[in-house]
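In our numbering, the protein residues as written are 1221 to 1421.
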């Protein structure tokens, strides 16, 4: 699945799920100690949950270049995990947000993303060790809760390494779930990646 495919699916009401894996997820699955670039710790149970996702993939699995080792370990038709940051660098991210205009959008991310103007519902996650609140976040996304997770909804995940686990555990063919990583951080004043400071915002 390419960036063009994502826009096409959104424009035409074709639901899909898109999960991203990079070196943080890879190290966590390998049981390494420490934390990723956003200072989220590599919890053993998170590593196990991520391995379960790749052993039973649901939807599109996307790979970042720094996680390329996973390509040799899992027989998966990987998509390009850099598609959103590349779109941002090209100045083309507006095509994505424009495609969300007529959708009911739920954003799952840190508080600074509350500045975004394209969502209908916001679920806040911690900026550090968000995995520790996985159960709470998953519960808030359950259809029986106050959030109407119904056919046609779009859930945007910007919540670190637990995003693929949430997408997997809440997978449905009649909603769209997209892991966008940190692509929207600089648009909210947070420069969490090296390329962010070079963007023409």
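We treat Cβ as the ideally placed atom computed from N, Cα and C, and that holds for glycine.
Owing to the predicted nature of the structure, the values given are computational and were not obtained by experimental measurement.
Residue 1380 carries a helical assignment under DSSP once its states are collapsed to helix, strand and coil.
Each of 1275, 1278, 1375 and 1283 was checked against the Cα of residue 1305, and the nearest Cα belongs to 1283. Per DSSP, reduced to three states, the secondary structure at residue 1306 is helical.
DSSP places residue 1409 in the coil class of the three-state scheme, outside both helix and strand.
Following the DSSP letters along the chain, one finds residue 1280 inside the beta strand (DSSP E) bounded by residues 1280 to 1283. Going by C-alpha positions, residue 1237 is about 24 angstroms away from residue 1407.
The stretch 1384 to 1393 and the stretch 1296 to 1312 do not touch, with fewer than three beta-carbon pairs separated by less than 8 angstroms.
The criterion of a C-beta distance shorter than 8 angstroms is satisfied by residue 1403 and residue 1313.
Counting C-beta pairs with one atom in each stretch, the stretch 1230 to 1249 and the stretch 1316 to 1323 have three or more that are closer than 8 angstroms, which means they touch.
Per DSSP, residue 1259 lies in no beta strand (DSSP E) and is assigned neither H nor E.
Of the other Cβ atoms in all chains shown, fewer than 16 fall within 10 Å of the Cβ of residue 1356; this residue is therefore exposed. DSSP lists 1327 as the bridge partner or partners of residue 1342.
Between the alpha carbons of residue 1354 and residue 1393 lies a distance of about 22 angstroms.
Per the coordinates, the alpha-carbon of residue 1330 lies some 11 angstroms from the alpha-carbon of residue 1401. A residue is called buried once 16 or more other Cβ atoms fall within 10 Å of its Cβ, and residue 1223 is buried on that count.
Counting the other Cβ atoms within 10 Å of the Cβ of residue 1293 gives fewer than 16, which makes it exposed. A distance below 8 angstroms between beta-carbons, with the five flanking residues on each side excluded, links residue 1267 to the following residues of its chain, in chain order: 1248, 1249, 1250 and 1251.
Under the three-state reduction of DSSP output, residue 1374 falls in the strand class. Closest by C-alpha distance to residue 1328, out of 1226, 1399, 1255 and 1260, is 1399. Close CB contacts of residue 1344 within its chain, under the 8 angstroms cut and outside five residues either way in sequence, are with 1329, 1330, 1331 and 1334 (chain order).
Closest in C-alpha terms to residue 1262, from the list 1273, 1351 and 1378, comes 1351.
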